[in-house]
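This report concerns only the one structure given below.
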Amino acid sequence: MEQPNRQPLAERMRPSSLDEVVGQDEAMAVLRPIVEQGEPVSLIFWGPPGTGKTTLARIIASEVKADFVEISAVSAKKADIEKVIERARQNWNLQLRTILFVDEIHRFNKAQQDAFLPHVESGLITLIGATTENPSFEVIPPLISRSRVVILKQLSTDRIKQILSRAIKL
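Listed below in structure tokens is the structure:
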């Protein structure tokens, strides 16, 4: 007897490559060349909840074959960040890139955001921050100047229908 897939539908539907992403055409125009070149750059994903910020970060890391480390600015402590930097150093010695995804980066204060700068500048980490707030007001200017801001928008009704149609076929 075949085992039922116990993953939630949303997880089963999550795209695993840029080709599977529905909508976000403007963002894809920015992200596709980055992935095709295989040279990730630091990014700030700005958009409402549910627009694919985390999924896109995971896809980028997967497609450029980088170690993906995810933290939440809501719960991360200084020790968590230090562990990530140490892991990135180990990866660096193995010639492996590290993409650090910071969910809700706007929740970090300026000093916490500043802590990433030397590691972004040196290339030790590629930072991908996700925010629902305008990064011009919530992310420090030095991080913004070293990143591409990618705006993600709510999906249109037609795009949602397209996703639902795909889900029904599962």
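Numbered by the numbering used here, the letters in the sequence shown go through residues 4 to 173 in order.
Backbone N, C-alpha and C define an ideal beta-carbon position, used for all residues, glycine too.
All values derive from a computational prediction rather than experimental measurement.
- No Cβ-Cβ contact shorter than 9 Å links I47 with V123.
- Taking C-beta separations shorter than 6 Å and ignoring five residues to either side along the sequence, the partners of V25 in its chain run R162, Q165 and I166, following chain order.
- E73 has its alpha-carbon roughly 12 Å from the corresponding atom of K86.
- The straight-line gap separating the alpha-carbon atoms of E23 and A118 is approximately 35 Å.
- In this structure P36 is not in contact with I63, their Cβ atoms being roughly 12 Å apart against a cut-off of 8 Å.
- For L130, the pairing in a beta bridge is given by DSSP as L103.
- DSSP lists F104 as the bridge partner or partners of E73.
- According to the DSSP assignment, I88 belongs to no beta strand (DSSP E) but to the alpha helix (DSSP H) extending over K81 to N96.
- The stretch 123-139 and the stretch 7-16 do not touch, with fewer than three beta-carbon pairs separated by less than 8 Å.
- With 16 or more other Cβ atoms inside 10 Å of its own Cβ, T101 counts as buried.
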